[in-house]
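Some notes on the structure that comes next.
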Amino acid sequence: TLFVTIDAASTTDMDDALHVETTSAGWQLKVAIADPAALIEPGSALEKTLMRRATSTYFPGDALPMLPDTLSSGLCSLVAEQDRLALMCDISIDVQGQRLDYRLYEAVIRSRAKLSYTEVAQFLQTPQDSHPLQQHAGVPEMLRQLQALSRALRAWRSEHALLGEERPDYRLRLNDKRKIETIEAIRPTPAHQIVEECMILANRCAADFLGQRPHPGLFIRHDGVRKERQEPLQKLINDNWPELGGCDIGTLEGYIEAVRFAHQTPGHRLKPLIMRQLERSQFGSTPAPHFGLGLPAYTTFTSPLRKANDFYVHRLIKQALHTPEAAPDDINVLEALQGHTLKARQAVNEMEQWLKCQYLETRPPQTWNATIVRINSSGFGVRLDSNGIEGFVSTKNMPEKYSFDQNWLRLNHKDKFFHLDDAVEVVLDSIDWKRRQINFRLFDTETPGDLPL
Numbered sequence: 074t075l076f077v078t079i080d081a082a083s084t085t086d087m088d089d090a091l092h093v094e095t096t097s098a099g100w101q102l103k104v105a106i107a108d109p110a111a112l113i114e115p116g117s118a119l120e121k122t123l124m125r126r127a128t129s130t131y132f133p134g135d136a137l138p139m140l141p142d143t144l145s146s147g148l149c150s151l152v153a154e155q156d157r158l159a160l161m162c163d164i165s166i167d168v169q170g171q172r173l174d175y176r177l178y179e180a181v182i183r184s185r186a187k188l189s190y191t192e193v194a195q196f197l198q199t200p201q202d203s204h205p206l207q208q209h210a211g212v213p214e215m216l217r218q219l220q221a222l223s224r225a226l227r228a229w230r231s232e233h234a235l236l237g238e239e240r241p242d243y244r245l246r247l248n249d250k251r252k253i254e255t256i257e258a259i260r261p262t263p264a265h266q267i268v269e270e271c272m273i274l275a276n277r278c279a280a281d282f283l284g285q286r287p288h289p290g291l292f293i294r295h296d297g298v299r300k301e302r303q304e305p306l307q308k309l310i311n312d313n314w315p316e317l318g319g320c321d322i323g324t325l326e327g328y329i330e331a332v333r334f335a336h337q338t339p340g341h342r343l344k345p346l347i348m349r350q351l352e353r354s355q356f357g358s359t360p361a362p363h364f365g366l367g368l369p370a371y372t373t374f375t376s377p378l379r380k381a382n383d384f385y386v387h388r389l390i391k392q393a394l395h396t397p398e399a400a401p402d403d404i405n406v407l408e409a410l411q412g413h414t415l416k417a418r419q420a421v422n423e424m425e426q427w428l429k430c431q432y433l434e435t436r437p438p439q440t441w442n443a444t445i446v447r448i449n450s451s452g453f454g455v456r457l458d459s460n461g462i463e464g465f466v467s468t469k470n471m472p473e474k475y476s477f478d479q480n481w482l483r484l485n486h487k488d489k490f491f492h493l494d495d496a497v498e499v500v501l502d503s504i505d506w507k508r509r510q511i512n513f514r515l516f517d518t519e520t521p522g523d524l525p526l
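Counted the way my numbering counts, the sequence shown spans residues 74 to 526.
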């Protein structure tokens with residue numbers, strides 16, 4: 074069976090490999106996931122360490138892997154032309170992108186090629202007989218089928234669930250002095266969409282598999298709009314968007330209906346009102362809706378070399394395959410795992426924020442195009458369009474006195490308003506080094522010398 078991995082060119086810890094073939098109904102997709110749980114003894118010192126680390130932590134210019142390199146980039150990584158243990162998700166899909174059936178089982182696989190997002194995207198966007206991928210027998214046709222499958226899966230999610238907001242990721246490139254040299258916007262390509270759709274589908278299967286068991290599992294739940302904001306937002310919807318028929322945003326079905334409507338009518342300002350008032354996702358031991366994805370249940374098991382919760386889901390799946398009647402004896406790890414994961418994320422955010430403060434402080438004075446991403450009674454947060462850096466604009470620096478509308482999440486002064494998602498021009502005002510907060514102020518074209526030369 075022809076398997077390939079698709080990752081960043083620099084990736085050495087390959088978690089997943091893909092194979093697809095056409096069938097009379099649509100496609101048969103095999104998603105092979107690296108299986109470190111097969112090599113790590115339950116309850117061992119190594120397992121306890123990885124559960125404490127919770128995740129591979131990617132600091133700018135450096136990485137702290139969750140697992141030793143001999144495992145993550147060696148024995149467990151789905152390296153090309155090497156036999157590797159894997160947990161397989163074998164899925165039947167029809168031409169509309171609907172899952173028909175699936176099976177989870179342990180396997181040994183051999184990836185035939187390590188492909189990068191860049192080369193796969195280039196091949197799919199401008200296929201040429203001279204493209205290097207043409208040298209891999211069977212790979213070009215399989216990539217075309219993977220793209221067709223990913224489009225069908227995406228169309229199914231668009232109709233039956235929800236698609237996420239497509240925003241670029243930003244990568245900080247450091248110089249030899251460990252300062253930011255450049256900030257690159259990484260935008261999704263057809264290659265990224267192939268991997269994303271296949272992983273979401275496999276993770277849906279894992280959630281369904283664990284959800285059928287009578288024992289606790291590990292699920293990722295997302296409760297949609299924050300509880301304290303549901304009632305005022307619901308009233309706003311009922312009063313201003315009768316087209317929605319009073320759909321209940323506290324239910325998964327009502328939330329999906331409201332979000333779809335908001336995406337289709339961006340000028341009505343409903344989309345940011347929903348998107349900026351959401352709960353954080355969290356781990357749970359029983360199936361629960363994931364509002365963000367618009368799915369009745371969800372988990373992840375596709376990154377076990379990098380995420381401890383995915384590794385733990387591997388443990389649960391393998392236990393169910395071998396001893397389905399046995400209950401997990403360590404389900405209490407979920408709360409600690411959630412805390413460790415959050416701490417790792419906070420550590421990266423704090424380091425990145427420190428570097429961004431240094432970066433902006435050394436930039437020549439200039440105006441920045443920005444988007445308002447949050448609003449409160451003191452002012453509003455903005456995200457710079459060119460590099461994703463976020464900062465705050467205080468109303469104290471404005472000549473007018475603004476009032477804050479809690480329901481519409483806007484600031485207003487007479488007939489002047491600031492809404493979520495509004496475009497503004499800002500200049501750097503100051504940096505609060507104690508709080509590592511970047512403060513901007515609005516660029517005033519009517520004030521001479523507002524932008525220093």
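No residue lacks a Cβ here, since even glycine has one placed at the ideal position from N, Cα and C.
Assign residue i to buried or exposed, taking buried as 16 or more other Cβ atoms, counted over all protein chains shown, within 10 Å of its Cβ.
| i | result |
| --- | --- |
| A400 | exposed |
| L526 | Residue confidence is low: L526 scores 35 on pLDDT, short of 50, so the model does not pin down where it sits. Its coordinate-derived value is still stated next. Exposed: under 16 other Cβ atoms inside 10 Å. |
| D505 | exposed |
| L112 | exposed |
| L173 | exposed |
| E519 | Residue placement at E519 is flagged as unreliable, the pLDDT there being 46, under the threshold of 50; the coordinate-derived value follows with that caveat. Exposed is the call here. |
| R260 | exposed |
| A409 | exposed |
| W427 | exposed |
| H204 | exposed |
| V181 | exposed |
| D242 | exposed |
| P315 | exposed |
| F292 | buried |
| N311 | exposed |
| A258 | exposed |
| Q350 | buried |
| K429 | buried |
| R436 | exposed |
| P438 | exposed |
Which whole-angstrom value describes the C-beta separation of residue i and residue j, a residue pair presumed to lie in contact below a C-beta threshold of 8 Å?
| i | j | result |
| --- | --- | --- |
| N470 | L309 | Wrong, their Cβ atoms sit about 29 Å apart, outside the cutoff. |
| L305 | L493 | One detail in the question is off: residue 305 reads as Pro in this sequence, not Leu. That pair is no contact at about 15 Å. |
| S539 | C271 | This structure cannot speak to residue 539, because the chain is shown only from 74 to 526. |
| G365 | S354 | 7 Å |
| E425 | L236 | About 27 Å separates the two Cβ atoms, so there is no contact after all. |
| F196 | L177 | With 8 Å as the limit, F196 and L177 do not qualify as a contact, their Cβ atoms being about 31 Å apart. |
| E238 | M348 | 7 Å |
| V386 | A279 | 6 Å |
Identify, in the order they occur along the chain, each residue of the same chain with its Cβ nearer than 7 Å to the Cβ of residue i, setting aside the five sequence neighbours on each side.
| i | result |
| --- | --- |
| R125 | H413 |
| Y475 | T468, L484, N485 and H486 |
| T84 | none |
| D458 | N442, A443 and T444 |
| A496 | N442 and T444 |
If you drop the 5 nearest sequence neighbours on each side, which residues of the same chain put their C-beta closer than 8 Å to that of residue i?
| i | result |
| --- | --- |
| G327 | C320 and D321 |
| A136 | S129 and T130 |
| T397 | Residue identity check: residue 397 is Pro in the sequence provided, not Thr. Cβ within range, chain order: R286. |
| G477 | Rather than Gly, the amino acid found at residue 477 in this sequence is Phe. I448, N449, S450, R483 and L484. |
| E114 | E120 |
| Q431 | K252 and I253 |
| D281 | Y175 and A370 |
| E179 | D108, A111, L158, A159, L160, M161, K391 and L394 |
| T440 | E498, V499, V500, F516 and L524 |
| Q218 | V93, E94, T95 and W100 |
| F513 | W441, A443, V455, G464, F465, V466, V499, V500, L501 and D502 |
Excluding the five sequence neighbours on either side, which residues of its own chain have a C-beta within less than 6 Å of the C-beta of residue i, listed in chain order?
| i | result |
| --- | --- |
| A98 | D167 |
| G290 | L283 and L389 |
| K380 | T128 |
| N150 | Position check: residue 150 holds Ser in this sequence, whereas Asn was assumed. Excluding positions up to five away in sequence, the list reads D86 and M87. |
| A548 | With the chain covering only 74 through 526, there is no way to say anything about residue 548. |
| V446 | G454 and R456 |
| S145 | D86, P138 and L378 |
| E352 | D296 and R299 |
| D383 | T373, F374, S376 and P377 |
| L343 | A335 |
Between residue i and chain D, is there a C-beta pair that is closer than 8 Å?
| i | result |
| --- | --- |
| F196 | In the structure shown, chain D does not exist; there is a single protein chain. |
Report task. May I ask you to verify whether the region 103-112 touches the region 375-382, counting CB pairs closer than 8 Å and requiring at least 3? Result -> yes
Report task. Please list the segments of the beta strand (DSSP E) lying wholly inside the region 226-305, counting only runs of 3 or more residues, in order along the chain. Result -> 242-247, 253-259 and 292-294
Report task. With a floor of 4 residues, list each alpha helix (DSSP H) that falls wholly inside the region 157-192, ordered by position along the chain. Result -> For the region 157-192, there is no continuous alpha helix (DSSP H) assignment of 4+ residues that stays within its boundaries.
Query raised in the report: Does the pairing of the region 160-180 with the region 116-130 give three or more beta-carbon distances under 8 Å?
Result: no
Query raised in the report: Just checking, does the region 252-270 make contact with the region 354-361 on the three C-beta pairs under 8 Å criterion?
Result: no
Query raised in the report: Is the region 75-82 touching the region 185-200, taking contact as three or more C-beta pairs under 8 Å?
Result: yes
Query raised in the report: When the Cβ atoms of the region 247-254 are set against those of the region 210-218, are three or more pairs found closer than 8 Å?
Result: no
Query raised in the report: Which full runs of the beta strand (DSSP E) of 3+ residues lie inside the region 393-449, going along the chain?
Result: The qualifying runs are 440-449.
Query raised in the report: What runs of the alpha helix (DSSP H), each 4 residues or longer, lie entirely inside the region 338-395?
Result: 343-348 and 381-395
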